[in-house]
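Asks: Take this structure, written in structure tokens, and hold onto it; I'll ask about it next.
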Amino acid sequence: LHGFKDADDYYKKSSASMFLGKIATPTLVLHAKDDPFMHESILPDVTNLSPSVCLEVSNKGGHVGFMQGAPWRPRIWMHQRANRFFASFMQA
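Okay, structure coming up:
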């Protein structure tokens, strides 16, 4: 489909992993080990990351949101962490 041989071919050609060693802009990559869609085996090897890339892996967080608190008043940890990450550059 769409010129790809199979799913493995798609992920190999469409992955951003080949660019992670060349990133010059400070970049935060967050991943949760309990993500049901993206197993921790997909994480890049830290030796292939640019010094500008900060990879943080948490044991819990699920897929994408890192939601905490009550459903009617959620706190999204990912937003809090991203704000701290960017604030650290504003203070430097």
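Here my numbering runs 1161 ahead of the position in the sequence shown, where the first position is 1. Beta carbons are placed, not taken as given, at the ideal position from N, Cα and C, and that holds for glycine. For clarity, every value in this text was computed on a predicted model and none was experimentally measured.
Short of 6 Å in beta carbon distance, which residues of its chain neighbour P1205, apart from the five on each side in sequence? Order them along the chain.
Replies: S1178 and L1181
Asks: Report the residue ranges of all beta strand (DSSP E) runs contained in full by the stretch 1171-1220; include only those spanning at least 3 residues, in chain order.
Replies: 1188-1193 and 1214-1219
Asks: Comparing C-alpha positions only, which one of I1237, R1242 and K1173 sits nearest to I1203?
Replies: K1173
Asks: Rank A1185, G1164, W1233 and A1168 by C-alpha distance to the C-alpha of P1212 and give the top, closest one.
Replies: It is A1185.
Asks: Mind checking which residues open and close the beta strand (DSSP E) that includes P1235?
Replies: Per DSSP, P1235 is one residue of the beta strand (DSSP E) stretching across R1234 to I1237.
Asks: Out of curiosity, what's the CA-to-CA distance linking Q1252 and F1165?
Replies: 45 Å
Asks: If we ignore side chains and look at the alpha-carbon of each, how far apart do D1167 and S1175 end up?
Replies: 12 Å
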